[in-house]
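Here the structure comes first, spelled out in structure tokens, and everything after it is commentary.
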Amino acid sequence: MKTNILVTGGAGFIGSNFIPHFLKKYPGYNVINLDLLTYAGNIGNLKEIEDNPRYKFIKGDICNRELVEFIFNEYLINGVIHFAAESHVDNSIKKPDVFIKTNINGTHTLVDVAYKFWMERPFAYNQKYSKCDSSDEEIILPRFHHISTDEVYGTLGSTGLFTESTPYAPNSPYSASKAGSDMIVRSYNHTYGLNTIITNCSNNYGPKQHDEKLIPTIIRNALKGNPIPIYGDGKNIRDWLYVIDHCKAIDLVFHNGAAGETYNIGGMNEKSNNDVATKICQILDELKPKQKGSYRDQIKYVEDRAGHDRRYAIDASKLENDLGWKAEENFESGILKTVEWYLEHYR
Ligand SMILES: NC(=O)c1ccc[n+]([C@@H]2O[C@H](COP(=O)([O-])OP(=O)(O)OC[C@H]3O[C@@H](n4cnc5c(N)ncnc54)[C@H](O)[C@@H]3O)[C@@H](O)[C@H]2O)c1
């Protein structure tokens with residue numbers, strides 16, 4: 004019997020990089036992808052697996068309790084990897100309501116159905132953290148893995164790193180809604196003994212990211228000859244991680260992380276928005292030179308985002324020391340692959 008894993012938000016940026024990787028690595032798993040296909044979801048991101056008999060797509064809302072219960076009962080879900088969310092900070096500033104609904108209520112619906120289903124099942128699962136043999140390796144199932152962000156920790160000054168014990172201080176409606184969802188998941192472990200795990204990751208980049216995000220925006224506008232918009236003075240710093248490195252970390256934590264724990268994931272690649280834009284322009288100058296001048300000349304500073312956090316940086320030593328994870332890409336190698344992918348994509 005195969006192990007059935009429910010992945011939510013699998014048609015989004017990270018989920019659609021994660022599912023093909025996961026299916027390929029674990030022949031003993033089936034993946035059920037529940038995704039509402041909001042403006043951010045793109046089913047075309049999953050073309051490479053659409054005919055895979057171990058993959059099933061279900062269009063639907065994580066807030067729809069009846070549907071989530073149906074999926075658990077129909078597919079006897081053994082594990083959840085929960086990506087689905089409203090994810091764009093700028094949108095959360097304009098319209099926070101849907102962030103509260105999806106990120107907080109939707110996460111609550113999922114974790115509550117998981118708890119009721121796993122604790123009431125007629126075998127093993129009423130035993131706290133019972134071991135279950137997936138045909139690939141013995142792992143702790145059933146498990147609810149919640150994917151979150153480093154933005155829950157707020158902002159840093161010019162020094163210091165976020166650790167797992169940094170107090171939460173979210174500054175945008177997006178990060179506040181993710182912080183709320185983290186707390187709900189945490190409480191289901193603490194109160195009910197549900198086998199949960201939370202990962203808080205820094206900014207991801209790579210193939211399949213929605214056009215609205217910084218790196219696709221820079222590349223697209225550069226190629227179109229438009230101004231490349233950079234918020235404020237461009238000195239806001241993020242710790243950039245190549246998306247496949249994030250997927251590998253999730254895989255590792257899902258299988259080997261300790262129940263009830265939180266793990267930070269980050270690439271030790273602190274870059275300002277100016278650094279990112281300049282690097283992309285330099286790569287484009289080499290791969291697709293303009294007739295005259297550099298893409299850098301198109302950079303244009305625009306009004307800053309309200310409440311824009313200055314700096315995020317992750318200390319991932321717990322994940323590295325306890326589970327042996329290490330990012331494989333540095334920013335130089337990852338951004339080159341990314342620009343090459345978008346050059347193909349925006350042709
Ligand atoms: N992108 C990053 O840099 C980053 C970093 C750290 C953590 N995260 C977290 O990782 C997760 C995935 O991020 P992403 O960048 O892939 O996001 P994304 O916006 O690209 O994808 C989100 C996906 O969720 C789906 N979705 C939205 N609302 C839904 C609902 N109500 N029901 C079912 N599906 C719904 C969308 O259709 C989309 O496919 C999010 O939880 C996000 O907070 C992202």
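Numbering (my numbering), first residue to last: 4 to 350. Glycine is no exception: its CB is placed at the ideal position from the N, C-alpha and C atoms.
Those residues which DSSP pairs with residue i across a bridge
| i | result |
| --- | --- |
| residue 165 | 317 |
| residue 148 | 84 and 200 |
| residue 173 | Partner(s): none; residue 173 has no beta bridge. |
| residue 11 | 37 and 85 |
| residue 275 | 240 |
| residue 232 | 303 |
| residue 32 | 6 |
| residue 59 | 35 |
| residue 207 | 244 |
| residue 268 | 204 |
Burial state of residue i, where buried means 16 or more other Cβ atoms lie within 10 Å
| i | result |
| --- | --- |
| residue 42 | exposed |
| residue 261 | exposed |
| residue 11 | buried |
| residue 309 | exposed |
| residue 313 | exposed |
| residue 270 | buried |
| residue 19 | buried |
| residue 97 | exposed |
| residue 153 | buried |
| residue 9 | buried |
| residue 305 | exposed |
| residue 31 | exposed |
| residue 185 | buried |
| residue 127 | At residue 127, the pLDDT of 45 sits below 50, so the modelled position is not reliable and the matter cannot be decided from this model. |
| residue 134 | Low confidence applies here, because residue 134 scores a pLDDT of 42, under 50, leaving its location unreliable; read the following figure in that light. Looking at its Cβ environment, which holds fewer than 16 other Cβ atoms inside 10 Å, residue 134 is exposed. |
| residue 141 | Because residue 141 carries a pLDDT of 48, less than 50, the predicted location of this residue cannot be relied on, and the following value inherits that uncertainty. Result: exposed. |
| residue 206 | buried |
| residue 194 | exposed |
| residue 33 | buried |
| residue 331 | exposed |
| residue 212 | buried |
| residue 3 | Outside the displayed range of the chain (4 to 350) lies residue 3, so it cannot be described from this structure. |
| residue 345 | buried |
| residue 175 | buried |
| residue 118 | buried |
| residue 241 | buried |
| residue 161 | exposed |
| residue 350 | exposed |
| residue 274 | buried |
| residue 139 | Note on residue 139: pLDDT 44, under 50, position unreliable in the model; no value is reported. |
Closest by C-alpha distance to residue i, when choosing among the options
| i | options | result |
| --- | --- | --- |
| residue 276 | 204, 8, 201 and 299 | 299 |
| residue 67 | 85, 78 and 109 | 109 |
| residue 71 | 101, 38 and 307 | 38 |
| residue 239 | 40, 158, 303 and 49 | 158 |
| residue 247 | 241, 263 and 268 | 268 |
| residue 177 | 318, 280, 91 and 343 | 91 |
| residue 340 | 208, 103, 24 and 107 | 208 |
| residue 322 | 83, 315 and 257 | 257 |
| residue 319 | 15, 170, 74 and 203 | 203 |
| residue 221 | 264, 172, 301 and 236 | 301 |
| residue 316 | 250, 243 and 263 | 243 |
| residue 285 | 61, 104 and 342 | 342 |
| residue 69 | 80, 116 and 60 | 116 |
| residue 226 | 93, 94, 156 and 348 | 348 |
| residue 229 | 173, 303, 23 and 201 | 303 |
Anticipated Cβ contact below 8 Å, residue i with residue j, distance rounded
| i | j | result |
| --- | --- | --- |
| residue 78 | residue 26 | No, residue 78 and residue 26 are not in contact; Cβ-Cβ is about 15 Å, not under 8 Å. |
| residue 328 | residue 280 | That pair is no contact at about 29 Å. |
| residue 82 | residue 144 | 5 Å |
| residue 180 | residue 103 | 6 Å |
Short CB-CB distance (under 8 Å) between residue i and chain D
| i | result |
| --- | --- |
| residue 272 | In the displayed structure, chain D is absent; only one protein chain is listed. |
What are the uninterrupted segments assigned as alpha helix (DSSP H) that are 4 or more residues long and contained completely in the region 240-266, given in chain order?
246-259
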